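Visitor: Residue numbers (the working numbering), protein chains in the order written: chain A, 1 to 164; chain B, 1001 to 1196.
#1: May I ask which residues mark the beginning and end of the alpha helix (DSSP H) holding residue 115(A)?
#2: Quick check on residue 88(A): buried or exposed, where buried means 16 or more other Cβ atoms within 10 Å of its Cβ?
#3: Who are the neighbours of residue 153(A) on chain B, taking C-beta pairs under 8 Å?
#4: Under the rule that 16 or more other beta-carbon atoms within 10 Å means buried, what is residue 1152(B), buried or exposed?
#5: Could you spell out where the beta strand (DSSP E) holding residue 1197(B) opens and where it closes?
#6: In its own chain, which residues sit with a C-beta less than 8 Å from the C-beta of residue 1134(B), not counting the 5 before and 5 after it?
#7: When the Cα of residue 1044(B) is compared with those of 1024(B), 1031(B), 1050(B), 1181(B), which residue comes out closest?
#8: Taking DSSP as the reference, what is the three-state secondary structure of residue 1060(B)?
#9: Which of helix, strand or coil does DSSP assign to residue 87(A)?
#10: Between the C-alpha atoms of residue 107(A) and residue 1029(B), what's the straight-line distance to the nearest angstrom?
#11: Determine the direct distance from the alpha carbon of residue 63(A) to that of residue 38(A), and round the result to whole angstroms.
#12: So for residue 142(A), helix, strand or coil by DSSP?
#13: Would you kindly check if the distance between the Cβ of residue 1054(B) and the Cβ of residue 1095(B) is under 9 Å?
#14: Would a check of beta-carbon distances place residue 108(A) closer than 9 Å to chain B?
#15: Using a Cβ cut-off of 8 Å, pull out every chain B residue sitting near residue 157(A), in sequence order please.
#16: Under 8 Å by Cβ, that's how I've got residue 1184(B) and residue 1137(B) pegged, so tell me the actual separation to the nearest angstrom.
#17: Is residue 1051(B) helix, strand or coil when you go by DSSP?
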């Protein structure tokens, strides 16, 4: 069961730790890109040799694929599928679960060996699990961000933007 | 679950359009996409069959710009409405912060609406959330059709939630012309923000 938290708050320190973890993974494997996604499809962090313009759509699709594979697992009475591998002609994507909350996706071409990606991704997910654990404790930061005046400003923006 | 990234100063929320097949979920997103200013929207992504029925989901990222220093993003999704795709709906619903339930107002669709809403409640509960506390807004779509049921009848079957004394907010709509589409979006957005 998911916790009753209504939002997950990533602090400055934890974001730096995540960025560092992704940077090391990309450099050590020679991959082109690594992304950390929330299970809702949002991109938490992204690191790559080339800046991608399509990370938002990629995040939504990869999270969708993973959520769908979770349902496949349920039908097969499998506990879950912890990793997904998508093999292309030029590029491959290896995605691994970080507990049940996040996904680590790594994009690489044929210059990188899948075995190395598997081993180093495993190590990276363990680090990220520790970070996730700390992020879950950050609930107290919420009130600093989501104040009454923030909500009011937000409502004004919604009224301004969402109209015919 | 909304995501607040303090370092990047970003807030992300996920809103899912749910409801029976052909009730107008994709039409809602298409209308929003056609009206929101270019700088505030991304591409509308649709995973659909050859006959344009939603197979997996539609996805529309909206960027509200900076609100008190925080870049705020709403990601809108639709689910495939056909009964066959229940497990796919569960997958898309994963991590949602709020739901717009798009009901088809036509008389012959009442049973499908009721079943779909019951299914939604079940799926939210399975995610470990209380459906009575979960942000939901109703949209009675296709109000322009001659066989549309009176609002009072739809209210009777769709507007109450078990364990919830309050009525769910609801809007009449004709999504093909855009009527009620933004009223619905505004209401769910504000509801989601109020629960952050």
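Every residue, glycine too, gets a C-beta built ideally from N, C-alpha and C.
None of these values were measured; they are calculated from a predicted model.
Guide: With the structure as the only source:
#1: Counting along the chain, the alpha helix (DSSP H) containing residue 115(A) begins and ends at 114 to 136.
#2: Exposed: under 16 other Cβ atoms inside 10 Å.
#3: For residue 153(A), the C-beta contacts it makes with chain B under 8 Å involve 1067, 1068, in order along the chain.
#4: Exposed is the label assigned to residue 1152(B), since fewer than 16 other Cβ atoms lie within 10 Å of its Cβ.
#5: In the structure displayed, chain B extends from 1001 to 1196; residue 1197(B) sits before or after that span and is not available.
#6: For residue 1134(B), where only same-chain residues beyond five positions count, the Cβ hits under 8 Å are 1098, 1099, 1124.
#7: The shortest C-alpha to C-alpha distance from residue 1044(B) to any of 1024(B), 1031(B), 1050(B), 1181(B) is the one to 1031(B).
#8: Residue 1060(B) falls in the strand class under three-state DSSP.
#9: In the structure shown, residue 87(A) sits in a strand (DSSP, three-state: E or B).
#10: If you take the alpha carbons of residue 107(A) and residue 1029(B), they lie about 30 Å apart.
#11: Looking at the two C-alpha atoms, the distance is approximately 8 Å.
#12: DSSP, reduced to helix, strand and coil, places residue 142(A) within a helical segment of the structure shown.
#13: With respect to the 9 Å criterion, residue 1095(B) and residue 1054(B) are not classified as neighbours on the basis of their beta carbons.
#14: Cβ-Cβ to chain B under 9 Å: no for residue 108(A).
#15: Simply 1064, 1065, 1067, 1072.
#16: Correct: roughly 6 Å between the Cβ atoms.
#17: DSSP places residue 1051(B) in coil when its eight states are reduced to three.
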